[in-house]
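Trainee: Numbering (the numbering used here), first residue to last: 520 to 647.
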Amino acid sequence: MNMQIPLRSGDMLTVDVTEEKPANINSQTVKHQPHEHEIITNKQSESHIVRLSAPSDNSCLFTSVLFCMNNEDNHLKIGTEVVTNIAEVSNLRELISGIVLSDPAKYSEAFLGMSNEQYSLQIRQVSK
Numbered sequence: 520m521n522m523q524i525p526l527r528s529g530d531m532l533t534v535d536v537t538e539e540k541p542a543n544i545n546s547q548t549v550k551h552q553p554h555e556h557e558i559i560t561n562k563q564s565e566s567h568i569v570r571l572s573a574p575s576d577n578s579c580l581f582t583s584v585l586f587c588m589n590n591e592d593n594h595l596k597i598g599t600e601v602v603t604n605i606a607e608v609s610n611l612r613e614l615i616s617g618i619v620l621s622d623p624a625k626y627s628e629a630f631l632g633m634s635n636e637q638y639s640l641q642i643r644q645v646s647k
């Protein structure tokens with residue numbers, strides 16, 4: 520079953536958590552058996568969507584990506600303040616720049632909307 524939800528930039532999702540189990544939506548549901556190293560201790564380890572605001576400082580995309588990468592185990596709770604870590608953002612910008620420069624055929628002007636070199640320079644700049 521492939522379900523698409525038409526979301527656009529700026530849309531807001533509201534999720535209400537209920538204790539009721541949904542009716543059997545898909546009879547082919549497969550239950551995941553955790554591996555030995557996966558111990559589910561509470562409901563916080565279940566998948567969920569959280570909306571947090573990142574600072575509007577021309578690094579919000581990088582800050583958001585880093586927040587997700589650093590919170591894959593959900594140790595940061597709802598309401599955690601999202602703060603730009605300049606050093607980590609700079610490292611991520613350098614990483615992306617290096618990846619783009621390493622494969623000019625894949626990351627071409629047609630793909631990037633500008634030359635490979637120009638994109639690489641621009642991605643490393645904090646502000647335009």
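Positions of the beta carbon are idealized from the N, C-alpha and C atoms, including for glycine.
Bear in mind that the values here come from a model prediction, so they are computed numbers and not experimental data.
Pairs of beta-carbons, one from the stretch 608 to 618 and one from the stretch 570 to 581, closer than 8 Å: are there three or more?
Mentor: Segments in contact, yes.
Trainee: Closer than 6 Å: is that where the CB of L611 sits relative to any heavy atom of the ligand PLP?
Mentor: As far as ligands go, the structure on display features none, and thus does not contain the ligand PLP.
Trainee: Which ranges would you report for the alpha helix (DSSP H) in the stretch 564 to 616 if only whole runs of at least 4 residues count?
Mentor: Those alpha helix (DSSP H) runs which fall completely within the stretch 564 to 616 and span 4+ residues are 579 to 589.
Trainee: Tell me where the alpha helix (DSSP H) around A629 begins and ends.
Mentor: Taking the sequence shown and counting its residues from 1, the one referred to as residue 629 is at position 110. Where A629 is concerned, the enclosing alpha helix (DSSP H) stretches over E628 to L631.
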